[in-house]
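Just so we're aligned, residue 113 is where the sequence shown starts under this note's numbering, counting upward by one. Even for Gly, the Cβ is constructed at its ideal location relative to N, Cα and C. Model, not experiment: these values are computed from the prediction. Down below is the structure, laid out as structure tokens.
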Amino acid sequence: MTLRIGCIADDFTGGTDVAAALRRAGLRTALVFGVPDDTTALPAGCDAAVIALKSRSTPAAEAVADSLAAQHWLWGKGAAQIYFKYCSTFDSTPQGNIGPVTDALMDAAGAGVVVHCPASPPNGRTVYQGHLLVDGQLLSDSPLRHHPLNPMTDSSLSRLLTAQTRHRAAVVDWSTVRRGVDAVREALLAHEQAGVRHVIADALTDEDLAVLGAAIRELPVVAGAAGLAEGLGHAYPTTGPATAEPWPDEGRAAVLAGSCSARTLEQIDRFHTGGRPSLHLDVLAAAGGRDVTAEALAWYDEQDPAAPVLIHASASPEALHTVQDRLGVAEAAAQVEELLGTLASRLVERGVRRLLVAGGETSGAVTTALGVRAVLVGEEADPGVPWTYATTEHGDLALMLKSGNFGAPDLFVRALTSAK
Ligand code: ADP
């Protein structure tokens, strides 16, 4: 198998996001969880593979080591171009990790210049004169200036980058991008000859990103959010419609939710309304030694096999605080992840073949419990929320991994009750 693009995403949600973007561009795309090794198998016939790391907020040295390992693995699968996917708000600090990881990937590839563009026009992220705007506001004036981990108080991508790397940065501005692919290529060459290594490209629309994609098609390393990846994906010839995806017509359908985000709570509420079968897991009882898993499975076995079921630990902010106060945050999370991971395995054993998982951490716990390390990315049910296809020891599975605030309020109902 020969990949065309190998992508390294600095977090789990970002991995799903960029994988969905590459698939939209017509590439048959796999998503791999964590640094792969010799035993990690990709679905057959993929054009692109995305490795989802957890390197956004780890120490820079660790982020660099994981990214380099991912790059080597992708090269081993034939990927000639490496795309480093980070957040469309350039979530990082003066220590990194965007600068150090990009530099390491470039050094390993012998690349002279890299193009960065975190624009994501459908989500209101644009780049103009090298400055990042969020819904038309400078990043530093947006709510991101109060981000709990990495407050973004500067909007100049050159300044943000040069704090993270010892190399020079410069901008290819919007007027150049508007002049088209050749103009961008010339500007890149001029920057490279002048000793610039990090080039920030302006983009206001998807059309701009398509121009950039075509202009950077030959660069060994490219960096940005999902929008530029989609633009780049369009620059690759496609082999026609994707090979049929293995949608399971047989088997039962279930949602497992561990996310307490407002949108997930709405989706749970919408599912529950109308009398669809749903069960809340008592996390405190589980911590106290009650066999909540066995109780949940007994409940599941009594349900109508034709009806999708929902099993969740999700709680309102007040209820969540009560549990966290009693158990501590880490222990509460460990309990929930253990419960939902075990349930996922038991449900798949019992014949569930369509499984929707709500929650970023929860998704990690479920894929680990199921032994799923790579999936084929399918059609999106909502923006950034694709169905994926996995192989487990009990059979093939359609798996939807949804992080907290993603998806419309009716996602659970729509995704699991509609036929393909
Ligand atoms: P999101 O994507 O919405 O952030 P995550 O799955 O990443 O969702 O995180 C949700 C966190 O909330 C997990 O760590 C989970 O263990 C925790 N959690 C969920 N339900 C409960 C509960 N009832 N009590 C305590 N913690 C909970």
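Per DSSP, the beta-bridge partners of Pro498 are Glu492.
Relative to the ligand ADP, the nearest heavy atom lies less than 7 Å away from the CB of Cys372. For the 8 Å CB-CB criterion, Ser179 and Leu134 do not form a contact. When rounded, the separation of the alpha-carbon atoms in Asp129 and Ala338 is 6 Å.
Counting the other CB atoms within 10 Å of its CB gives Ala164 a total of 16 or more, which places it among the buried residues.
In this structure, Arg485 sits near Pro148, with a CB-CB distance shorter than 8 Å. Taking 7 Å as the cut-off, the C-beta of Leu432 counts as close to a heavy atom of the ligand ADP.
Per DSSP, the unbroken alpha helix (DSSP H) holding Phe383 starts and ends at Ala374 to His384. Buried is the label assigned to Arg136, since at least 16 other Cβ atoms lie within 10 Å of its Cβ.
Remark: three or more beta-carbon pairs, one from each stretch, lie closer than 8 Å, so the stretch 115-131 and the stretch 188-198 are flagged as touching.
In the displayed model, His228 falls within a strand according to three-state DSSP.
Shown here, Ser270 sits in a helix according to DSSP, grouped into three states.
Short of 7 Å from the beta carbon of Val289, and not among the five residues preceding or following it, lie these beta carbons of its own chain, in chain order: Val296, Ala313, Asp314, Ala315, Asp320, Val323 and Leu324.
In the DSSP assignment, Ser204 falls outside any alpha helix (DSSP H) and carries neither an H nor an E. Here Ala221 has Ile194, Pro332 and Val333 as same chain residues with Cβ atoms under 7 Å from its own Cβ, once five neighbours each way along the sequence are excluded.
When C-alpha distances from Thr350 are compared across Cys158, Phe145 and Leu143, the shortest belongs to Cys158. Residue side-chain check: Val367 keeps its Cβ at 7 Å or more from all non-hydrogen atoms of the ligand ADP.
Shortest gap from the CB of Val448 to any heavy atom of the ligand ADP: under 7 Å.
Between the alpha carbons of Gly307 and Leu432 lies a distance of about 53 Å.
Nearest in C-alpha terms to Leu261, of all of Thr170, Glu362 and Leu272, is Thr170. A Cβ-Cβ distance of about 31 Å is found for the pair Gly236 and Ala191, leaving them out of contact under the 8 Å criterion. Lys166 has its alpha-carbon roughly 7 Å from the corresponding atom of Gly146. In the pairwise beta carbon analysis, the stretch 489-503 is classified as not touching the stretch 438-457: fewer than three pairs are separated by under 8 Å. In the three-state reduction of the DSSP assignment, Phe196 falls in the strand class, which pools E and B. Counting only runs of 3 or more residues that sit fully inside the stretch 138-175, the beta strand (DSSP E) segments are 141-145 and 160-164, in chain order.
The Cβ-Cβ distance between Leu269 and Val239 falls below 8 Å. In the structure shown, Gly507 adopts extended strand secondary structure according to DSSP, grouped into three states.
Between the stretch 436-451 and the stretch 487-497, the count of C-beta pairs closer than 8 Å stays below three; the two stretches do not touch. Our two residues, Ala406 and His392, have alpha carbons roughly 13 Å apart in a direct line.
By DSSP's assignment, Ala315 forms a beta bridge with Val239.
A Cβ-Cβ distance of about 5 Å is found for the pair Val395 and Gln447, placing them in contact under the 8 Å criterion. CA-to-CA, the gap between Ala299 and Val283 works out to about 9 Å.
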